[in-house]
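Working notes, beginning with the structure itself.
Protein chains: 2
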Amino acid sequence: MLNNMDQRILEILQGDARISLKDLAVQVGLSSPSVSERLQRLEERGVIRAFTIDIDPQALGYQLQAIVRIRPLPGKLQAVQKLIEQTPEFCECDKVTGEDCFIARLFVRSIAQLDQIIDRIADKAETNTAIVKAQPIKRRPPPFGLT
Amino acid sequence: MLNNMDQRILEILQGDARISLKDLAVQVGLSSPSVSERLQRLEERGVIRAFTIDIDPQALGYQLQAIVRIRPLPGKLQAVQKLIEQTPEFCECDKVTGEDCFIARLFVRSIAQLDQIIDRIADKAETNTAIVKAQPIKRRPPPFGLT
DNA sequence: GATGAAACGTTCAGAGC
DNA sequence: GCTCTGAACGTTTCATC
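Chains A and B are the protein sequences, given in the same order. This note's numbering applies: residue 860 is where the first sequence begins, and numbers increase by one. This note's numbering applies: residue 860 is where the second sequence begins, and numbers increase by one.
Structure follows, in C-alpha cells:
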C-alpha cells in the first residue's frame, strides 16, 4: 500500500505536522525536494486528507464527554439526524447497523448542559448515554503497513 | 474563553494547518508577528494540543469501520484493556459508565479481519459490534465560544 | 532522487499606540 | 497590554543534472 519511506513520513507528520521539509528530509534521509514530492503524492492519493490542528476540548471548558447511542422513534430518523447535526456539541456521529441507529460523541461543560441536550432529543428518540471516564486510546491512525 | 481573533485563527488552522503565518495574518487582518504570538499562546495554554495530519483509513485499504461495545467478564478488565490497546486496528477507545465498559472504534480491511479480531476478545468479554454505514458528522471540534 | 540559486516565509529588534 | 515595521535568517521551490 505504502512504501517504507511514505510510512515514516506519515508517522513523523502525525506527531508534528509543522515540521519543516528540511528537518523531515534529514529524519528520513532524503532531500527536501524529494520529501516535498512524496507529500504531494500522498495528498493527491487522498492518504493525507488534511493538515489540521488537534484542539483540546478541556482547554475550551468542556469538562465532560459522553457517548450517546440514539434510536429514533418510527418516522423520526431524519428529524433526529438533523437535530444532532445542528447541535454543535455533537462532535462525532456514526450511523450504524444494529439496534442503535446513531452513535455520537458529545462534549459538554456541565451535567446540566448534558441533561438539556439529551432532553431535546428525548421526544424523538430513545437514548442511552455513557459518560467517558477515561480514554485508553485517545485516537490513532490504523496501521500503515499490511497487517 | 477565547477572543474573536483566536477563534478565527483556530477555525482557519483547523481547515489548513500548513497555511503560512503571512496568509493567516492577511485573513484575520493582523501582522505575521502578532499571529505568531497568538499561536504560541494557544499552544502554551494547551488549546492547540498538536499540529497533525488527518489520514484517510480508506486510502490505506480499511474498507470497514465498526463501533464495538465491550463488557469484560469478571476479573478480565485489565486483560481486555491491554488486548484492545495492543490491537492497532482499534483506533479510539473510551472507558465509560454504564453497562458497557469500553466503547471502541475499529478499522478493518474485511469482514474476515473483523471476525478474527472480535473472536480474540470473545473469551474475555461480551461484545456488541455495530458496523458504520455512514458518518453524518465526521469529526469536528466543539464550539469555541460560550454556548 | 540530489544540488544550488531564486523566491518566499518567519523571526527578531525596535518602536508606536 | 497588544500590535506594527523592516531587516536578518531560515525554508521551500524550481531548474538542472
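Glycine is no exception: its CB is placed at the ideal position from the N, C-alpha and C atoms. Source: prediction; values computed, not measured.
### Query
Per DSSP, which one or two residues make a beta bridge with K954/B?
Taking the first residue of the second sequence as 1, we reach residue 954/B at position 95. DSSP links K954/B through a beta bridge to A993/A and F961/B.
### Task
Could you tell me the distance, in whole angstroms, from the CA atom of F1001/B to the CA atom of Q945/A?
As a first step, residue 1001/B must be located in the second sequence, where it is residue number 142. As a first step, residue 945/A must be located in the first sequence, where it is residue number 86. Correcting the residue identity first, residue 1001/B is Pro in this sequence and not Phe. Going by C-alpha positions, P1001/B is about 12 Å away from Q945/A.
### Message
I'd like the list of long-range same chain contacts for E902/B, defined as Cβ closer than 6 Å, with 5 residues on each side in sequence excluded.
### Response
Here the question's residue 902/B lines up with position 43 in the second sequence. The answer is none, since no qualifying residue turns up.
### Message
When you measure from the CB of D913/A to every non-hydrogen atom of the ligand ATP, does any distance come out below 7 Å?
### Response
Absence of the ligand ATP is noted for the structure shown, with no ligands found whatsoever.
### Query
Which residues in the same chain as S890/A place their Cβ atom closer than 7 Å to its Cβ, once the five residues preceding and following it in sequence are excluded?
Looking up residue 890/A in the first sequence gives position 31. If we look at S890/A and ignore the five residues flanking it on each side, its Cβ neighbours are A884.
### Query
When burial is assigned at 16 or more other CB atoms within 10 Å of the CB, is E948/A buried or exposed?
Start at 1 with the first residue of the first sequence, and residue 948/A comes out as number 89. Residue burial is scored here from C-beta neighbours: E948/A has at least 16 other C-beta atoms within 10 angstroms and is therefore classed as buried.
### Message
Using CA atoms only, rank isn't needed, just tell me which of Q886/B, I929/B and D875/B is closest to F910/B.
### Response
Working through the second sequence from its first residue, we reach residue 910/B at position 51. If we check each option's Cα against that of F910/B, D875/B comes out closest.
### Query
Whose C-beta lies closer than 7 Å to the C-beta of A984/A among residues of the same chain, with five residues either side of it excluded?
Counted from its first residue, the first sequence places residue 984/A at position 125. So the qualifying residues of the chain are I929, R930, P931, L932, K935 and V939.
### Task
Please work out which residues of its chain come closer than 7 Å, Cβ to Cβ, to C960/A, disregarding the five sequence neighbours upstream and downstream, and give them in chain order.
Walking along the first sequence from the start, residue 960/A turns up at place 101. The residues are I929, R930, P931, L936 and K954.
### Query
Under a three-way DSSP split, which group does L889/B fall into?
As a first step, residue 889/B is located in the second sequence; it is residue number 30 there, counting from the start. Looking at L889/B - three-state DSSP - the assignment turns out to be coil, as it is neither helix nor strand.
### Query
Could one say the Cβ of L973/B lies closer than 8 Å to chain A's Cβ atoms, at least one of them?
Start at 1 with the first residue of the second sequence, and residue 973/B comes out as number 114. L973/B has a beta carbon lying at 8 Å or more from every beta carbon in chain A.
### Message
Check whether chain B comes within 8 Å of Q886/A, counting only Cβ atoms and requiring the distance to be less than that.
### Response
Looking up residue 886/A in the first sequence gives position 27. No, because no Cβ of chain B sits closer than 8 Å to the Cβ of Q886/A.
### Query
What residues from the stretch 920 to 939 of chain A come within 7 Å of chain B, judged by C-beta to C-beta, listed N to C?
So the list reads G920, Y921 and I926, given in the order they occur along the chain.
### Task
Output, in chain order, the set of chain A residues within a Cβ distance shorter than 9 Å of T986/B.
Numbered from its first residue, the second sequence carries residue 986/B at position 127. T986/B does not reach chain A, its nearest Cβ partner there being about 12 Å away, counting only Cβ pairs nearer than 9 Å.
### Query
Any idea if L898/A is buried or exposed, counting beta-carbon neighbours within 10 angstroms, 16 or more meaning buried?
Here residue 898/A corresponds to residue number 39 of the first sequence, with the count starting at 1. That one is buried.
### Query
How many Å lie between K997/A and R964/B at the Cα?
Here residue 997/A corresponds to residue number 138 of the first sequence, with the count starting at 1. Here residue 964/B corresponds to residue number 105 of the second sequence, with the count starting at 1. Their backbone Cα atoms lie some 11 Å apart in a straight line.
### Task
Would you kindly work out how many angstroms separate the C-alpha atoms of N862/A and F1003/A, rounded to a whole number?
Along the first sequence, read from residue 1 onward, the residue named residue 862/A stands at position 3. Along the first sequence, read from residue 1 onward, the residue named residue 1003/A stands at position 144. Here the C-alpha atom of N862/A lies approximately 9 Å from the C-alpha atom of F1003/A.
### Query
In chain order, what residues of the same chain lie with their CB nearer than 8 Å to the CB of R968/B, ignoring the 5 residues before and after it?
For the purposes of this step, residue 968/B is taken as the residue at position 109 of the second sequence. Taken in chain order, the residues that qualify are G920, Y921, Q922 and L923.
### Task
Below 6 Å CB to CB, which residues in the same chain sit around I907/A once its five sequence neighbours on both sides are set aside?
Start at 1 with the first residue of the first sequence, and residue 907/A comes out as number 48. The answer, listed in chain order, is L901.
#### Entry: With 16 other Cβ atoms within 10 Å as the buried cut-off, status of D982/A
Here residue 982/A is taken as the residue at index 123 of the first sequence, counted from 1. That one is exposed.
### Task
Could you pull the start and end residues of the beta strand (DSSP E) that D913/A belongs to?
By one-based count along the first sequence, residue 913/A stands at place 54. It spans I907 to I914 - the beta strand (DSSP E) in which D913/A sits, taken as one unbroken run.
### D978/B classed as buried or exposed, judged by whether at least 16 other C-beta atoms fall within 10 angstroms
Locating residue 978/B in the second sequence gives position 119, counting from the first residue. The residue in question, D978/B, is exposed, as its Cβ has fewer than 16 Cβ neighbours within 10 Å.
### Query
Alpha carbon to alpha carbon, how far is I878/B from I926/B?
In the second sequence, counting from the first residue as 1, residue 878/B sits at position 19. In the second sequence, counting from the first residue as 1, residue 926/B sits at position 67. For I878/B and I926/B, the distance between alpha carbons rounds to 34 Å.
### Alpha carbon of M864/B to alpha carbon of G905/B, nearest angstrom
On the second sequence, position 5 is the one that residue 864/B refers to. On the second sequence, position 46 is the one that residue 905/B refers to. Taking the Cα positions, M864/B is about 17 Å away from G905/B.
### Message
On the criterion of 16 or more Cβ atoms from any shown chain inside 10 Å, does T986/B qualify as buried, or is it exposed?
### Response
Position 127 of the second sequence, counted from the start, is the residue given in the question as residue 986/B. Flag for T986/B reads buried.
### Query
DSSP on L923/B, reduced to helix/strand/coil?
For the purposes of this step, residue 923/B is taken as the residue at position 64 of the second sequence. Secondary structure at L923/B: strand, using DSSP grouped into helix, strand and coil.
### Task
With a 10 Å radius around its C-beta and 16 neighbouring C-beta atoms as the bar for buried, classify A989/B as buried or exposed.
Taking the first residue of the second sequence as position 1, residue 989/B is located at position 130. Flag for A989/B reads buried.
### Task
Output the boundary residues of the alpha helix (DSSP H) element that contains D865/B.
Position 6 of the second sequence, counting from 1, holds the residue named residue 865/B. Counted as a single uninterrupted DSSP element, the alpha helix (DSSP H) harbouring D865/B occupies residues N863 to G874.
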